[in-house]
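Worksheet for the structure shown next.
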Amino acid sequence: MKNKQQITTMSYDAFYKRSIVDPEGFWKEQTNALEWYIPPKTILSEDQNGYPQWFADGELNICYLTIDKHIQDGYGDQIAFIYDSPVTQTIRKYTFNEVKTEVAKLAGGLTSLGITKGDTAVIYMPMIPQVAFAMLACARLGVTHSVVFGGFAPHELAIRIDDSRPKAIITASSGIEVDRLIAYKPLVDEAIAMAAYKPEKVIIFNRKLGAKIPFQEYDVDYEKLVSQSEEVPCVPLQSTHPLYILYTSGTTGKPKGIVRDTGGYATALKFSMQHIYDVKEGETFWAASDMGWAVGHSYILYGPLLNRNTTVIFEGKPIRTPDASTYWRVMADHKVSVMFTAPTAIRAIKKEDPEGLFIKNYDLSNLRIQFLAGERCDVATLEWYRDHVPVPVIDHWWQTESGWPMIANMMGVEYLPVKPGSAGKAVTGYQIVIFDENGKELPPNEEGYVVIKLPLPPGTMLGLWEDEIRFKAGYLTRFPGYYFSGDGGYKDKDDYIYITGRVDDVINVAGHRLSTAEMEEIVASHNAVAECAVIGINDALKGQIPLALAVIKSGDDTEHFQLEYEVVQLVREKIGAVASLRNVVIVQRLPKTRSGKILRKLLRNIVDGEKYQIPSTIDDETIIGEVTEAFKNYGIGVFK
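Just so we're aligned: 613 in the working numbering is position 613 of the sequence shown, and the numbers increase by one with no gaps anywhere.
Quick look at the structure:
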């Protein structure tokens with residue numbers, strides 16, 4: 001089976017056009033980069049609901065392609081993982097041979113517990129090698145995994161347990177923040193107590209860092225399970241077999257379980273590593289993210305390993321572990337060729353080291369390209385990086401739903417001029433259009449809804465976990481024949497695309513998509529609050545942060561500082577510190593339409609200092625002055 005690095009001699013325009021004119025021929029050719037048990041003959045078809053799917057009759061296993069295949073090809077001694085943990089001052093490297101032994105034995109242990117193909121498992125772990133071993137062990141067996149970010153509160157974990165109904169939860173004794181240890185097992189036990197559905201087993205990897213591990217009857221020791229188990233082979237799986245469920249915030253407050261297939265995803269990731277990220281087989285690639293997010297799945301684990309890259313599992317922060325030099329140290333120590341992080345991380349480093357003095361202490365000669373994504377990259381951040389590190393800095397855009405980039409500068413095809421503020425041009429297979437609210441395509445430089453003509457290319461979402469109605473309503477119904485991204489944006493005359501932000505109430509906090517609707521529900525649960533709104537406002541470091549506006553119940557005499565403290569604690573308890581809610585502004589009333597809809601966009605525009613038009617449907621215009629005065633009094637946003 002052909003598995004050589006493909007060299008693209010076409011221009012971007014010709015390459016892209018081919019993917020749109022002949023998608024089946026284009027993507028069939030890309031499947032040749034993988035070794036299938038049964039190569040697909042049906043390239044593009046539809047599922048029972050009429051939604052496009054790829055390679056339906058093919059069979060493969062992504063664990064085989066990421067580990068076993070490379071060992072068979074003679075690369076067993078190549079480093080697969082570099083675990084770099086400044087918070088525990090640990091660096092450990094794992095060869096493909098070592099990873100295969102651990103993963104195959106863990107898969108054997110799962111099998112001994114009765115966990116098999118078609119089951120689900122939740123993985124709730126910090127950024128340690130065992131999170132990758134657990135994901136790969138599930139993939140080896142055809143167990144659909146759902147990784148939940150280790151910082152989420154028990155309430156959030158319980159929701160995901162009830163939705164995905166896992167046979168087991170795989171966890172660790174603790175995660176580590178800059179200044180504290182977070183015991184995971186009590187959180188898992190609390191979540192199970194809250195959940196209506198009860199997993200059969202909880203498998204715990206003990207990091208031996210001193211965290212409490214309260215014992216329950218359902219507990220299984222990870223290391224004991226692995227040591228007592230035999231290695232098991234990979235299970236052949238249909239291309240459309242669900243590899244994982246990844247939850248992302250929904251506008252209703254109930255998380256959406258994005259379902260990813262196996263064959264389309266593997267094809268797209270291998271393709272993207274070479275044609276978008278321009279990574280050569282054998283190089284070191286580092287995506288500084290968390291395995292709980294889409295970036296972790298695609299570009300810490302599956303993408304780099306499919307392309308036989310050494311990948312970095314980093315447990316730390318861009319600053320304070322120990323300082324703003326950490327990223328440069330990791331890149332230099334491990335000879336990173338291509339790196340991917342969020343603009344938030346670069347902004348944090350820039351804030352601590354504005355002159356880039358730390359950078360001068362490290363040899364970054366191996367670094368060829370820096371990619372940025374997660375939220376919109378401001379021009380100042382992009383230019384600061386380019387000024388201090390002389391490599392191409394590439395902003396690009398994609399979503400949990402897509403699983404891989406939708407807009408980018410395809411560095412492995414043709415390096416196009418960078419336009420600061422733009423995420424680049426449409427990636428092959430994505431026919432991106434800007435619509436007005438009536439579904440009419442807009443001319444250049446007019447902002448509208450970012451939509452993508454169906455079929456989406458391979459690797460994108462199969463749907464929502466056991467929720468076909470919500471899938472269609474959320475993505476397909478608004479503009480028939482098109483996928484609705486939920487983002488606004490525009491194209492310029494050269495087809496460069498500019499993403500301007502969410503059009504719904506999901507905000508992007510340091511690359512984490514969080515629902516303001518869910519936060520509103522929590523704020524409203526406070527005894528003193530009669531009514532509230534939560535909006536996302538611009539923040540120099542995190543891109544966006546939530547701001548709560550609260551109308552206090554008549555006669556309630558709760559002090560503002562007390563209310564703010566209690567509301568912030570409530571949100572931390574229910575969602576986690578990742579929500580970053582810090583400020584609660586007390587107002588007499590909220591601006592609404594005559595039908596009672598809160599004008600959140602208007603509030604955002606006021607606090608961000610952007611131009612706004614008062615809608616004709618507003619109930620009372622005098623409220624604009626009241627709200628503006630409240631923002632001034634609290635020193636919020638542009639009124640700081």
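For every residue, glycine included, the Cβ atom is placed at its ideal position computed from N, Cα and C.
Problem - Cβ-Cβ separation, Ile161 to Ile203 (assumed contact under 8 Å), whole Å - result: The beta carbons of Ile203 and Ile161 sit about 15 Å from each other, so the pair does not count as a contact at 8 Å.
Exercise for the section: Enumerate in chain order the residues of its own chain whose CB-to-CB distance from Lys632 is below 7 Å, with the five nearest sequence positions on each side excluded. Expected result: Within its own chain, the residues whose Cβ lies closer than 7 Å to the Cβ of Lys632, once the five positions on either side in sequence are excluded, are Phe639, listed in chain order.
Practice task
Can you say whether Gln30 is buried or exposed, counting buried as having 16 or more other CB atoms within 10 angstroms of its CB?
Solution key: buried
Practice task
With distances taken Cα to Cα, identify the nearest neighbour of Ser289 among Glu375, Cys138 and Glu520.
Solution key: Glu375
Exercise for the section: Out of Val567, Ile91, Arg386 and Asp494, point me to the one whose CA is closest to Val551's CA. Expected result: Val567
Practice task
For the beta strand (DSSP E) holding His145, just list the boundary residues, first then last.
Solution key: Thr144 to Val147
Problem - Span of the alpha helix (DSSP H) around Lys601 - result: Arg600 to Asp608
Exercise for the section: Would you be able to state if there are at least three C-beta pairs under 8 Å between the segment 337-351 and the segment 377-386? Expected result: yes
Problem - Contact set for Pro392: own chain, Cβ-Cβ below 6 Å, skip 5 residues either direction - result: Ile369
Problem - Three-pair Cβ contact test at 8 Å for the segment 223-243 versus the segment 93-107 - result: Cβ pair count under 8 Å is three or more, so yes.
Problem - First and last residue of the uninterrupted alpha helix (DSSP H) at Pro546 - result: If you look at Pro546, you'll find it isn't in any alpha helix (DSSP H); it sits in the beta strand (DSSP E) that goes Gly543 to Ile552.
Problem - Beta-ladder partner(s) of Asn583, from DSSP - result: Leu547
Problem - Helix, strand or coil at Lys491 [DSSP, three-state] - result: strand
Exercise for the section: Kindly list the residues whose CB is nearer than 6 Å to the CB of Tyr430, restricted to its own chain and excluding five residues on each side of it in sequence; keep chain order. Expected result: Met406 and Ile452
Problem - Reference Leu181, options Lys360, Pro126 and Ala134, closest by Cα - result: The residue with the shortest Cα to Cα distance from Leu181 is Pro126.
Practice task
Could you pull out every residue in the same chain whose Cβ sits closer than 6 Å to the Cβ of Pro166, ignoring the five residues on either side in sequence?
Solution key: Thr120, Ala121, Val122 and Pro199
Problem - Nonlocal neighbours in the same chain, by C-beta distance under 6 Å from His70, ignoring five residues either side - result: Phe96 and Arg308
Practice task
Using three-state DSSP, classify Asp647 as helix, strand or coil.
Solution key: As displayed, the chain neither begins before 1 nor continues past 640, which places residue 647 out of reach and without an answer.
Exercise for the section: Count the other C-beta atoms from every protein chain shown that fall within 10 angstroms of the C-beta of Tyr12, then say buried if there are 16 or more, exposed otherwise. Expected result: buried
Handout entry: Simplified DSSP assignment, three categories, for Glu375
Key = coil
Practice task
Look at the Cβ atom of Ser580, then the Cβ atom of Tyr498, and state whether they are nearer than 8 Å.
Solution key: Going by C-beta atoms, Ser580 is not nearer than 8 Å to Tyr498.
Exercise for the section: Below 6 Å CB to CB, which residues in the same chain sit around Phe484 once its five sequence neighbours on both sides are set aside? Expected result: Around Phe484: Val451, Tyr475 and Arg478.
Problem - Beta-carbon gap between Ala107 and Ala137 smaller than 8 Å - result: yes
Handout entry: Paired residues, beta bridge with Glu441 - DSSP
Key = Phe435
Handout entry: C-alpha gap between Gln238 and Asp57, whole angstroms
Key = 7 Å
Handout entry: Counted within 10 angstroms of its Cβ, other Cβ atoms place Leu118 as buried (16 or more) or exposed
Key = Here residue 118 is Gly; the residue named in the question, Leu, does not match the sequence. When all chains shown are included, Gly118 counts as exposed.
Practice task
State the Cα-Cα distance for the pair Pro390 and Asp557, rounded to the nearest angstrom.
Solution key: 57 Å
Problem - Test item: CB-CB of Gly481 and Val503 under 8 Å - result: Result no, Cβ atoms of Gly481 and Val503 do not sit closer than 8 Å.
Handout entry: Contact check, Thr144 vs Thr248, beta carbons under 8 Å
Key = no
Problem - Extent of the continuous beta strand (DSSP E) run through Cys138 - result: It is not in any beta strand (DSSP E) - Cys138 instead sits in the alpha helix (DSSP H) that spans Pro129 to Leu141.
Practice task
Specify whether the segment 453-464 and the segment 263-272 touch according to this definition: at least 3 beta carbon pairs, one from each stretch, less than 8 Å apart.
Solution key: Remark: three or more beta-carbon pairs, one from each stretch, lie closer than 8 Å, so the segment 453-464 and the segment 263-272 are flagged as touching.
Practice task
Kindly indicate which three-state DSSP category Met519 falls into: helix, strand or coil?
Solution key: helix
Exercise for the section: Whole angstroms is fine: what's the gap from Trp665's alpha carbon to Leu187's? Expected result: This structure does not reach residue 665, given that the chain is present from 1 up to 640, and the question cannot be answered.
Handout entry: Which listed residue (Ser298, Leu602, Gly637 and Glu610) has its alpha carbon closest to that of Ile624
Key = Leu602
Exercise for the section: Just grab the DSSP bridge partners of Gln370 for me. Expected result: Met339 and Val393
Handout entry: For Gly296 and Asp84, the rounded distance between their alpha carbons
Key = 15 Å
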